[in-house]
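A quick write-up on the structure given underneath.
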Amino acid sequence: MKKLIFALVVVAAVLSTTLLAFSQDDKQKPYLVKNFSLNNGGNLVTRTSGGSIKVTGTSGNQVKVEMFVRPANWRNRNEAPSKEVLEKYTFDVRQDGNSVYAVAERKEKNWKWDNDDALNVSFEIQVPENIATKLNTSGGSISLANLTGTQEAKTSGGSITLKNIKGNTVANTSGGSINLNQYQGNLDAHTSGGSINLTDARGTLKARTSGGSIQLQKVAGDIDARTSGGSIHADVTQLGKYLNLHTSGGSVHATVPKGQGLDLDLSGNRVKTTLTNFDGESETNRVKGRINGGGIPVKLSTSGGTTELAYRM
């Protein structure tokens, strides 16, 4: 028994040391730090071919850019890049007028990502809250927080996370999920390989995914959500001009405020809802007609599951 306890203590110590090493590695010192000043918001353009981008809004007009550089290959992840490898990249961190550019690019156009000389270049940037961003990475995640303005985030290999954003946003990823919390404005979110989760969002909300589910919690406004490979769950606190939810490979469930005039178009293998003051046609797999005299179009459909419409008391 004592030997077992000793062994467990040793394992715990090794794990703690390993986790500490990873933690220290994640908090590595930046390769480059630059500070700028903008007037009345301004613009941020960031591109990197192999790392993540994190942008956080703060009070004031200062911009702080931190660039982190390390080998992309896990075998030499903790080693400092050589001068020869660094010379194969272009690092451009500068201010031009009221715009800040933070760009890391490979000089060669045709190169393989799994080369030993590939680098992971990430940016952590503090900006004024009122700023427009254009962010692009081909190999990492993108995170935005506490911003007001027009945002554009595109990644080919990671997730996109937005928190406390006011303005119009385009979020596009080919290989990850999209997660949004506390949002107000027009949103166009698309992913080819992950789920979409929106919480506490208001505005014109458009969500598309080809390979995951869509979760909409406490959303309000004009809502259009579609997926080819998952279910959709929508908790709508206030309807806008329309509610459109469609999936080809799962179920659809929506909860909307009670007592409003609605034009219903519900379809699926089975349709479940309560019809009060209804004028139209109702079948097992289709409901089409008006509630309370009609009004806001509500279209819920699935090709491979159940469609359910519920009402908040």
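Going letter by letter, the sequence shown gives residues -23 to -1, 1 to 290 in mature numbering (1 follows the signal peptide of the UniProt record, and there is no 0). No residue lacks a Cβ here, since even glycine has one placed at the ideal position from N, Cα and C.
{"query": "DSSP on K65, reduced to helix/strand/coil?", "result": "coil"}
{"query": "Under 8 Å: do the stretch 254 to 261 and the stretch 224 to 237 share three or more Cβ pairs, one atom per stretch?", "result": "no"}
{"query": "Using 8 Å as the cut-off, can you tell me whether the stretch 151 to 165 makes contact with the stretch 173 to 191, which would need three or more C-beta pairs spanning the two stretches below that distance?", "result": "yes"}
{"query": "I need the DSSP call for K86, collapsed to helix, strand or coil.", "result": "coil"}
{"query": "Where G266 and K195 are concerned, what is the direct C-alpha to C-alpha distance, given to the nearest angstrom?", "result": "26 Å"}
{"query": "In terms of alpha-carbon separation, which member of L241, A202 and G74 lies closest to E172?", "result": "Note on identity: in this sequence residue 172 is Ser, with Glu being the wrong assignment. The shortest Cα separation from S172 among L241, A202 and G74 belongs to A202."}
{"query": "Can you name the residues that DSSP bridges to Y160?", "result": "I142 and A178"}
{"query": "Quick one: grab the DSSP three-state call for K6.", "result": "coil"}
{"query": "Please tell me whether S151 and G170 are closer than 8 Å, where the distance is taken between their beta carbons.", "result": "yes"}
{"query": "Note down the Cα distance separating Q128 from N113, rounded to an integer number of angstroms.", "result": "11 Å"}
{"query": "Which full runs of the beta strand (DSSP E) of 3+ residues lie inside the stretch 196 to 248, going along the chain?", "result": "209 to 224, 229 to 234 and 239 to 244"}
{"query": "Between the stretch 30 to 39 and the stretch 116 to 124, do at least 3 Cβ pairs fall closer than 8 Å?", "result": "yes"}
{"query": "Answer yes or no: do residue 291 and V104 have a C-beta to C-beta separation smaller than 8 Å?", "result": "Since the displayed the chain opens at -23 and closes at 290, residue 291 lies outside it and no answer follows."}
{"query": "Taking only runs of the beta strand (DSSP E) that begin and end inside the stretch 89 to 118, which ones reach a length of at least 3 residues, in chain order?", "result": "96 to 105 and 109 to 114"}
{"query": "Buried or exposed: which applies to E85, given that a residue is buried once 16 or more other Cβ atoms fall within 10 Å of its Cβ?", "result": "exposed"}
{"query": "Exposed or buried, what is R247 when buried is set at 16 or more other beta-carbons lying within 10 Å of its beta-carbon?", "result": "exposed"}
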